[in-house]
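Undergrad: Sending over a structure as structure tokens; questions will come in a sec.
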Amino acid sequence: MARAWKWVTGALMTASILLAFTYSPVATRPRFEGGQTTMVPWPEFRIFFFHVPSAWIATLGFLVAMIWSIRYLKTRDPKQDDVALASSELGFVFCAVALASGMIWARREWGAFWNWDPRQNTVLILLLIYGGYFTLRSAIADEDKRRRIVAVYSIFAFVTVPFLVFVVPRVMETLHPSPIIKTDQQSGVMNAKMRQVFYLFLLSYTALYVWILNIRVRVERLSRANVVDLQAQEVA
Amino acid sequence: MAILAKDIRSEVRTRAALNAIVLFSVVTLAVVSYATGSFGLSPEVHASLIWIIVFFAAMAGLSRTFVVEAERGTEVALKLTASGTQVFLGKFLFNLVLLGLLDLVLIPLFQILLPIREANWGLLGIGLGLGSLALAASTTLVAAIVAQAGVKGALFTVLSFPILIPVLVAGVSSTRKAMDLAPWADAVTEIQLLVSYAGIMLTLSFFLFDSVWRD
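Top line first, the protein sequences correspond to chains U and B. The numbering of the first sequence is the working numbering, which starts it at 1 and goes up by one. The numbering of the second sequence is the working numbering, which starts it at 1 and goes up by one.
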């Protein structure tokens, strides 16, 4: 299963990246000049295909981490905590990717990598939260206690995510596309073909996430089994 | 309630947390007024300064909520005599009282050193009060978490700061609006955000506290 999944992920990723540059037409945006509105090409918009799925996987990763933290607190089974750890790590990495690709876009469209835009701030705060999660993990020596405490923090921290992602950017003014650039059918920025490619990207990123998560969880379990083996040998 | 009374009694005897909080806010305020005293401050800067001082004073005082129990060796006795919910409620109320006192000390001090000339005082007070409520609601559980970890000093701030961002954003915004003499209707979003955040954090803490407190 895991072996086949690798090929599925590879095929999906290759297909999405190729289609993003071939099948998907170049985005256009309206330009107002001399009282007339013309649609001009907007190739930079393509980063959207890589940026939005990263942000989606970051949210998914943190959500999965929270659910498996709850499961750990219920069962006290270290296997649940392995998933929570792996998923937080992946969420963290994809969050960083979303931030970096967002910054490239910001440099191009808004003129600077960092604009203190509420969206940029909230993603940075997400990184801080899960940075805190890993710091806390390394600060507790006793393994069972560590799993229990970080599970609590993971659940507690996830509750801030909807506030940071949905509420704060609406209280403050933002330059981020989703309130400003309309990506619906009427505006013409995205057409049906782009939309298909975008959904394929969501799918292939999710496949990528599942693939890495599986590997990471197995590594964690093997290394624990190894430690147990070594301890058993020492005792013997 | 008994826990709240016990904590207040021991605080009155030692005044450790209260001294830390009040002196911290006096010192930072003095530094700030050295740097900016001769200039008029815009409401944005003024509101941010108030909240920065509240935040760091709270970090200095509230981090010790549960650590003191471990240091005095009274943690086990507390575990035996009270349920988790009672302990959490007592500690939360104690933190709330501390922050309330901080607000009461801080605003008159601000009036002396960096006067707020005109404001919608009701909104300013409600914003600070609700902000303190949300602060106490979100940090009490973090204080319990930190007491379990090895490194105690910086960890509390590292873990609390990101969780408190929505509170700080809404708090600064409500205080700024109060100083701009905005009517109440303008600050509804901020007040809703503070109340709902405090409510969610409290509910969640009640559910999670036992997992931290009991082995």
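Ideal placement from N, C-alpha and C gives every residue a C-beta, glycine not left out.
I'd like the ranges of any alpha helix (DSSP H) spanning at least 4 consecutive residues and lying wholly in the region 117-186 of chain B.
TA: 121-148, 153-179
Undergrad: Excluding the 5 residues flanking residue 114 of chain B on each side, which residues of the same chain have their C-beta closer than 6 Å to its C-beta?
TA: 33
Undergrad: Leaving out the 5 sequence neighbours to the left and right, which residues in its chain are closer than 7 Å to residue 231 of chain U when beta-carbon positions are compared?
TA: none
Undergrad: When DSSP labels each residue in this structure, what does residue 180 of chain U get in the three-state scheme?
TA: Reliability fails at residue 180 of chain U, whose pLDDT of 46 lies under 50, so the model's placement of it is uncertain and the value that follows must be treated cautiously. Correct three-state label for residue 180 of chain U: helix.
Undergrad: From which residue to which residue does the beta strand (DSSP E) around residue 41 of chain U run?
TA: 36-41
Undergrad: Using the beta-carbon of each residue, which ones in chain U are nearer than 7 Å to residue 211 of chain B?
TA: 73, 148, 152, listed in chain order.
Undergrad: So, residue 87 of chain U versus residue 68 of chain U, is the Cβ gap smaller than 8 Å?
TA: yes
Undergrad: Residues of the region 55-88 of chain U with a CB closer than 7 Å to any CB of chain B: list them in chain order, please.
TA: 73
Undergrad: What does a CB cutoff of less than 6 Å around residue 25 of chain B pick up in its chain, not counting 5 residues either side in sequence?
TA: 53, 57, 106
Undergrad: With burial defined as no fewer than 16 other Cβ atoms inside 10 Å of the residue's Cβ, what is the status of residue 246 of chain U: buried or exposed?
TA: The structure shown does not extend to residue 246 of chain U, since chain U spans only 1 to 236, so no value can be given for it.
Undergrad: Between residue 221 of chain U and residue 79 of chain U, which are expected to be in contact by the criterion C-beta below 8 Å, what is the C-beta distance as a whole number of angstroms?
TA: 7 Å
Undergrad: Over the uninterrupted beta strand (DSSP E) stretch that includes residue 28 of chain U, give me the two end residues.
TA: Unbroken beta strand (DSSP E) run through residue 28 of chain U: 28-33.
Undergrad: Taking Cβ-Cβ distances shorter than 7 Å, what residues in chain B pair up with residue 6 of chain U?
TA: Per Cβ cutoff of 7 Å: no residues; residue 6 of chain U is ~35 Å from chain B at best.
Undergrad: Leaving out five residues on either side along the sequence, give the residues of the same chain with a beta carbon under 8 Å from the beta carbon of residue 146 of chain B.
TA: 63, 66, 67, 152, 155, 156, 159
Undergrad: Alpha carbon to alpha carbon, how far is residue 216 of chain U from residue 2 of chain U? Give it in angstroms, no decimals.
TA: Between residue 2 of chain U and residue 216 of chain U, the C-alpha separation is close to 12 Å.
Undergrad: Mind reading off the beta-carbon distance from residue 24 of chain U to residue 227 of chain U? Whole number of angstroms is fine, and I expect it under 8 Å.
TA: At roughly 48 Å, the Cβ-Cβ gap does not stay under 8 Å, so residue 24 of chain U and residue 227 of chain U are not in contact.
Undergrad: Pull up the distance between the alpha-carbon of residue 199 of chain U and that of residue 164 of chain U, whole angstroms please.
TA: 25 Å
Undergrad: In the DSSP assignment, find the unbroken alpha helix (DSSP H) run with residue 50 of chain B in it and report its ends.
TA: Per DSSP, residue 50 of chain B belongs to the alpha helix (DSSP H) from 43-62.
Undergrad: Near residue 98 of chain U, which residues of its chain fall below 7 Å by C-beta distance, leaving aside the five closest residues on each side in sequence?
TA: 51, 54, 55, 58, 123
Undergrad: Using 8 Å as the threshold, is the C-beta distance between residue 95 of chain B and residue 182 of chain B below it?
TA: no
Undergrad: In chain U, what lies closer than 8 Å to residue 149 of chain B by C-beta?
TA: 136, 139, 140, 149
Undergrad: Using C-beta distances below 8 Å, list every residue in its chain close to residue 43 of chain U, excluding the 5 sequence neighbours before and after it, in chain order.
TA: 26, 27
Undergrad: Quick check: residue 50 of chain B and residue 102 of chain B, are their CB atoms within less than 8 Å of each other?
TA: no
Undergrad: Run through DSSP, which three-state label would residue 91 of chain U get?
TA: helix
Undergrad: Under a CB-based cut-off of 8 Å, is residue 35 of chain U close to chain B?
TA: So no, residue 35 of chain U is outside the interface.
Undergrad: How close, in whole Å, do the beta carbons of residue 168 of chain U and residue 142 of chain B come, if the pair is a contact with beta carbons under 8 Å?
TA: Contact doesn't hold; Cβ gap of about 20 Å is too wide.
Undergrad: Over what stretch of residues does the alpha helix (DSSP H) that includes residue 190 of chain B continue unbroken?
TA: 188-213
Undergrad: For residue 112 of chain B, which of helix, strand or coil comes out of DSSP?
TA: helix
Undergrad: Please compile the residues from chain B whose C-beta is within a distance smaller than 8 Å of the C-beta of residue 164 of chain U.
TA: 165, 166
Undergrad: Which same chain residues end up closer than 7 Å to residue 212 of chain U when comparing Cβ atoms and leaving out the 5 residues on each side of it in sequence?
TA: Excluding positions up to five away in sequence, the list reads 90.
Undergrad: Can you tell me where the alpha helix (DSSP H) holding residue 46 of chain U begins and where it ends?
TA: No alpha helix (DSSP H) holds residue 46 of chain U; DSSP gives it neither H nor E.
Undergrad: Measure the Cβ-Cβ separation of residue 222 of chain B and residue 163 of chain B and say whether it is below 8 Å.
TA: Beyond the ends of chain B as shown, which are 1 and 215, falls residue 222 of chain B; an answer cannot be given.
Undergrad: Measure how close the beta-carbons of residue 73 of chain B and residue 214 of chain B come, nearest whole angstrom, since I'm counting them as under 8 Å.
TA: Not a contact, Cβ separation roughly 18 Å.
Undergrad: Leaving aside the five residues before and after residue 2 of chain B along the sequence, list all residues of the same chain whose C-beta is less than 6 Å from its C-beta, in chain order.
TA: Excluding residues within five positions, none has a Cβ falling inside 6 Å.
Undergrad: Does the count of Cβ pairs from the region 1-15 of chain B and the region 34-48 of chain U closer than 8 Å reach three?
TA: no
Undergrad: Shorter than 8 Å from the beta carbon of residue 28 of chain U to some beta carbon of chain B?
TA: no
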